[in-house]
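Step one of this worksheet: look at the structure below.
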Amino acid sequence: MSDFAEQVWQAVRRVPRGRVTTYAWLARAVGRPKAARAVGNALNHNPNAPKTPCHRVVRSDGQIGGYAHGQAAKARILTQEGIRIGKKNKVDNFRQICYKFPR
DNA sequence: GTCGTGACTAGCC
DNA sequence: CGGCTAGCCACGA
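Mapping to my numbering: the first sequence position 28 is 28, numbers consecutive.
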């Protein structure tokens with residue numbers, strides 16, 4: 001797999017349970033602050049199974065974003081992890097549960 | 001090498 | 001607050 005994708009997955013694994021991160025933050029974590037889009041692509045083409053919690057990755061505006069299994073499934077999983085989803089598929093307390101990577 | 005695509009983002013109206 | 005636009009990046013054809 002491309003090194004880029006591997007770095008992304010590794011970063012995602014650092015996200016604690018019950019928290020979420022954003023594509024933008026992941027992009028920063030891999031040293032490509034403007035590659036949020038590419039990050040999404042990497043996750044999409046490589047779900048890499050339960051090992052990589054791609055469901056904890058949301059958009060910068062708090063929306064759930066996308067998911068290979070479908071947004072509904074993603075929302076369900078997040079809820080199961082203790083994260084509440086409001087209307088418009090937005091994460092409640094997004095600012096609080098959003099995990100920011102150490103630089 | 002160029003083109004099109006997509007789980008994105010910030011800015012502007 | 002909501003919708004639209006342009007900019008960005010990695011990847012495959």
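All C-beta atoms, glycine included, are put in the ideal place defined by N, C-alpha and C.
Bridge partner(s) assigned by DSSP for residue i
i: CYS54; result: DSSP output for CYS54 lists no bridge partner at all.
i: ILE85; result: VAL91
Under 8 angstroms between C-beta atoms of residue i and residue j
i: PRO16; j: TYR67; result: no
i: VAL57; j: VAL30; result: no
i: PHE101; j: TRP25; result: yes
Identity of the residue in the options nearest residue i by Cα
i: GLN71; options: CYS54, GLY82 and SER60; result: CYS54
i: GLU81; options: VAL20, GLY40 and ALA35; result: VAL20
i: PRO50; options: ILE85, GLY65, SER60 and HIS69; result: HIS69
Close beta carbons around residue i, own chain, < 6 angstroms, minus the five adjacent residues each side
i: ILE5; result: According to the sequence displayed, residue 5 carries Ala and not Ile. Excluding positions up to five away in sequence, the list reads ALA42 and ASN46.
i: VAL39; result: VAL8, TYR23, LEU26 and ALA27
i: GLN63; result: ASN89 and LYS90
(Q) Could you tell me which whole alpha helix (DSSP H) segments of length 4 or greater appear in the region 4-79? (A) Along the region 4-79, the alpha helix (DSSP H) occurs as fully enclosed runs of 4 or more residues at 23-29 and 36-45, listed in sequence order.
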